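Peer 1: Below is a structure I'd like to ask you about.
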């Protein structure tokens, strides 16, 4: 049985001792979500990416459990940023995705 989602990525700029992520979603041009979270603080971190060394590739796979999200028809712009400092000055990762849902789920 294969996983629902597989990710592989490399952090080239620095070791991952601190990682703050910002996740933003716009739906048809309107802000729908803005979420910030410190994933790695250097103390008792629970995520596998924490503590990785500069240039090391992180590969992970996981199943998506529970109810699936039904997205209404429209255009979604998704931005995920990662920072190695709490002040959000040192960006180490940026993903900019566009998702187009062509049919309503009903």
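Residue numbers (the working numbering): 284 to 389. The beta carbon of each residue, even a glycine, is placed where N, CA and C say it ideally should be. All values reported here derive from a predicted model rather than from experimental measurement.
#1: If you measure from the beta carbon of residue 305 to each beta carbon in chain B, is any gap under 8 angstroms?
#2: Between residue 311 and residue 302, what straight-line distance do the alpha-carbon atoms span, to the nearest angstrom?
#3: With a CB to CB cut of under 6 angstroms and the five nearest residues on each side skipped, what residues in its chain are close to residue 332?
#4: Do you know how far the Cα of residue 336 is from the Cα of residue 370?
#5: Quick check: what's the CA-CA separation for residue 316 versus residue 308?
#6: If residue 297 sits next to residue 375, beta carbons under 8 angstroms apart, how far is it from one beta carbon to the other, in whole angstroms?
#7: On the CB-based measure, 16 or more other CB atoms within 10 Å of its CB, does residue 353 come out buried or exposed?
Peer 2: Per the coordinate set shown:
#1: Absence of chain B from the displayed structure is noted, only one protein chain being present.
#2: By 1-based counting over the chain shown, the position of residue 311 is 28. By 1-based counting over the chain shown, the position of residue 302 is 19. Computed Cα separation, rounded: 29 angstroms.
#3: In the chain shown, residue 332 corresponds to position 49, counting from 1. The answer, listed in chain order, is 299, 341.
#4: Here residue 370 corresponds to residue number 87 of the chain shown, with the count starting at 1. Here residue 336 corresponds to residue number 53 of the chain shown, with the count starting at 1. About 21 angstroms.
#5: Residue mapping note: residue 316 aligns to position 33 of the chain shown, counting from 1. Residue mapping note: residue 308 aligns to position 25 of the chain shown, counting from 1. Their Cα atoms are separated by approximately 5 angstroms.
#6: Here residue 297 refers to the residue found at position 14 of the chain shown. Here residue 375 refers to the residue found at position 92 of the chain shown. Sure, about 6 angstroms apart at Cβ, within 8 angstroms.
#7: Here residue 353 is taken as the residue at index 70 of the chain shown, counted from 1. So residue 353 counts as exposed.
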